[in-house]
């Protein structure tokens with residue numbers, strides 16, 4: 004599903020990624036852990052076609068993200084620190100806008116489905132600027148899964164979420180994972196990351212320094228491993 | 023044959039998605055503007071203020087007013103449009119929604135077309151509002167050449183919208199957005215503004231559409247050249 008080979012990214016004189024190689028099968032859930040400045044967000048932004056790699060190749064579902072971005076984008080659901088929502092539109096209108104952008108059929112039905120999934124049906128017709136931060140993040144989750152993405156890219160998804168939203172997001176990841184949706188998540192939350200993902204990777208100074216399975220790894224062991232690699 | 027029909031189907035389905043996305047973006051922008059009225063209000067108030075200030079500065083010399091009226095109108099529109107382009111950019115940078123749009127776009131030039139059309143619409147509404155006011159203050163009867171003026175303003179507004187949307191997107195990526203946009207936009211719009219001012223002045227003086235044809239052709243060429251130039255480079259502009 005995801006294939007990266009020798010991916011390098013420079014921002015002027017700064018090198019954010021120093022040769023990333025990564026293969027991910029369909030239906031996998033990979034958690035990428037690493038300190039600030041490790042290049043996790045840059046990696047996710049390259050996968051999301053928002054940033055071009057300086058060198059190397061990246062393909063998703065067989066499509067090159069640089070040359071065939073228009074074929075890759077409908078396959079992606081992206082959840083970032085920012086919600087990508089419009090405060091002067093209602094929750095329903097925001098989802099309607101993104102649904103129309105993706106050319107979704109039976110849009111009203113799908114919007115109701117995703118609003119139910121994030122528990123926001125009651126607030127659907129309120130302006131987003133009147134939502135609390137947690138509600139906005141839940142609506143952002145609905146936006147990310149609205150168009151049935153095949154690959155979900157989650158950049159620090161638990162940041163700014165209240166307890167209720169964290170548990171909703173966790174349930175959604177488990178549900179999407181069960182439906183063969185591939186998930187790549189960058190997070191600082193070792194406990195939740197280990198819990199949600201079946202594969203783990205540690206990224207440090209622009210390189211993936213560790214890759215393994217999360218099954219059978221407890222948080223203490225992983226914390227020791229993380230500290231050994233990251234320092 | 024198979025390959026040709028296949029690429030034709032791809033092209034047709036691509037253009038259908040393109041139009042659908044332009045429509046969705048335009049509807050979103052207009053709906054937001056209808057609720058907030060931020061862009062139109064700031065553009066209109068600023069344009070009116072410019073015209074009022076010039077009106078006082080020029081004084082009561084009727085002949086001088088007739089000579090400079092079109093220049094004042096176009097300067098007011100150019101400056102007011104900068105405010106509009108800035109506000110449109112800010113709207114997309116709140117909560118990083120530009121990234122959300124880029125993630126949904128099939129062809130990124132759909133964003134440019136939608137923004138350009140929205141800007142053109144705002145500018146045309148501002149023109150419709152300030153022309154009667156200018157008619158009263160400058161004692162000029164615009165109704166005698168309203169058809170020709172419509173053609174001139176439509177072509178001119180199209181040009182301003184094309185370069186304004188383009189430079190607005192570039193400025194959005196810079197730290198000093200408010201300074202960068204007028205610095206990029208105003209010098210490039212000079213040929214368009216000169217041609218539009220000349221055409222409008224001649225129409226006020228009672229000349230016909232045939233007399234100003236050269237200026238309209240010049241504005242038309244400006245619009246076409248910049249439109250295709252922006253379409254070619256827009257993908258790189260919106261990328262980081």
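Residue numbers (our numbering), protein chains in the order written: chain A, 4 to 234; chain B, 23 to 262.
Where a beta carbon is used, it is the ideal one built from N, C-alpha and C, also for glycine.
A quick note: this is a predicted structure, and the numbers were derived from the prediction, not measured.
Does the distance from the C-beta atom of residue i to that of residue j stay below 8 Å?
i                      : j                      : result
residue 73 of chain B  : residue 102 of chain B : no
residue 13 of chain A  : residue 57 of chain A  : yes
residue 179 of chain A : residue 148 of chain A : yes
residue 98 of chain A  : residue 143 of chain A : no
residue 199 of chain B : residue 111 of chain B : yes
residue 48 of chain A  : residue 185 of chain A : no
residue 75 of chain A  : residue 55 of chain A  : no
residue 221 of chain B : residue 238 of chain B : yes
residue 323 of chain A : residue 188 of chain A : Nothing about residue 323 of chain A can be reported from this structure: the residues present for chain A run from 4 to 234 only.
residue 94 of chain A  : residue 123 of chain A : yes
residue 185 of chain B : residue 219 of chain B : no
residue 155 of chain B : residue 241 of chain B : no
residue 180 of chain B : residue 236 of chain B : no
residue 187 of chain B : residue 138 of chain B : yes
residue 100 of chain A : residue 46 of chain B  : yes
residue 39 of chain B  : residue 106 of chain B : no
residue 196 of chain A : residue 36 of chain A  : yes
residue 192 of chain B : residue 208 of chain B : no
residue 256 of chain B : residue 134 of chain B : yes
Out of the options, which one is the CA nearest neighbour of residue i?
i                      : options                    : result
residue 163 of chain A : A:103, A:190, A:108        : A:190
residue 212 of chain A : A:77, A:233, A:114         : A:233
residue 170 of chain B : B:193, B:240, B:44, B:234  : B:234
residue 221 of chain A : A:166, A:198, A:210, A:209 : A:198
residue 18 of chain A  : A:42, A:26, A:25           : A:42
residue 84 of chain B  : B:256, B:158, B:257        : B:158
residue 161 of chain B : B:188, B:92, B:218, B:131  : B:92
residue 120 of chain B : B:57, B:51, B:182          : B:51
residue 88 of chain B  : B:226, B:205, B:47         : B:226
residue 91 of chain A  : B:104, B:106, B:117        : B:117
residue 121 of chain A : A:209, A:36, A:165         : A:165
residue 216 of chain A : A:50, A:25, A:20, A:33     : A:33
residue 228 of chain B : B:44, B:186, B:163, B:58   : B:163
residue 83 of chain A  : A:73, A:108, A:53, A:193   : A:53
residue 44 of chain B  : B:207, B:132, B:138        : B:132
residue 182 of chain A : A:136, A:161, A:73, A:153  : A:153
residue 247 of chain B : B:82, B:182, B:71, B:147   : B:182
residue 201 of chain A : A:208, A:210, A:176, A:96  : A:176
residue 141 of chain A : A:170, A:26, A:9, A:72     : A:170
residue 77 of chain A  : A:146, A:16, A:9, A:21     : A:146
residue 21 of chain A  : A:31, A:118, A:59, A:39    : A:59
residue 86 of chain A  : A:139, A:50, A:101         : A:139
residue 67 of chain A  : A:4, A:155, A:151, A:96    : A:4
residue 62 of chain A  : A:119, A:37, A:9, A:208    : A:9
residue 80 of chain B  : B:54, B:230, B:69, B:94    : B:94
Am I right that residue i and residue j are in contact with their C-beta atoms under 8 Å? What's the rounded C-beta distance?
i                      : j                     : result
residue 148 of chain B : residue 66 of chain B : 5 Å
Less than 7 Å between the CB of residue i and some heavy atom of the ligand ATP, yes or no?
i                      : result
residue 129 of chain B : Questions concerning the ligand ATP fall outside what the structure shown contains, since it holds no ligand whatsoever.
Problem set entry | Runs of beta strand (DSSP E) lying entirely within the segment 96-144 of chain B, each at least 3 residues, in chain order | Correct list: empty.
For this session: Would you check if there are 3 or more beta carbon pairs closer than 8 Å linking the segment 165-184 of chain B to the segment 111-130 of chain B?
Result: The answer is no - the segment 111-130 of chain B does not touch the segment 165-184 of chain B, with fewer than three Cβ pairs under 8 Å.
Exercise. Counting Cβ pairs closer than 8 Å, one from the segment 100-118 of chain A and one from the segment 130-137 of chain A, do we hit at least three?
Worked result: By the Cβ test, the segment 100-118 of chain A is not in contact with the segment 130-137 of chain A, since fewer than three Cβ pairs between them sit closer than 8 Å.
Exercise. Considering only residues of the segment 153-182 of chain A, which uninterrupted beta strand (DSSP E) runs meet the minimum length of 3 residues and lie entirely inside it, listed in chain order?
Worked result: Qualifying beta strand (DSSP E) stretches, in chain order: 154-158.
For this session: List in chain order: all unbroken alpha helix (DSSP H) runs of 4+ residues lying wholly within the segment 100-153 of chain A.
Result: Segments of the alpha helix (DSSP H) lying fully in the segment 100-153 of chain A: 110-120, 136-148.
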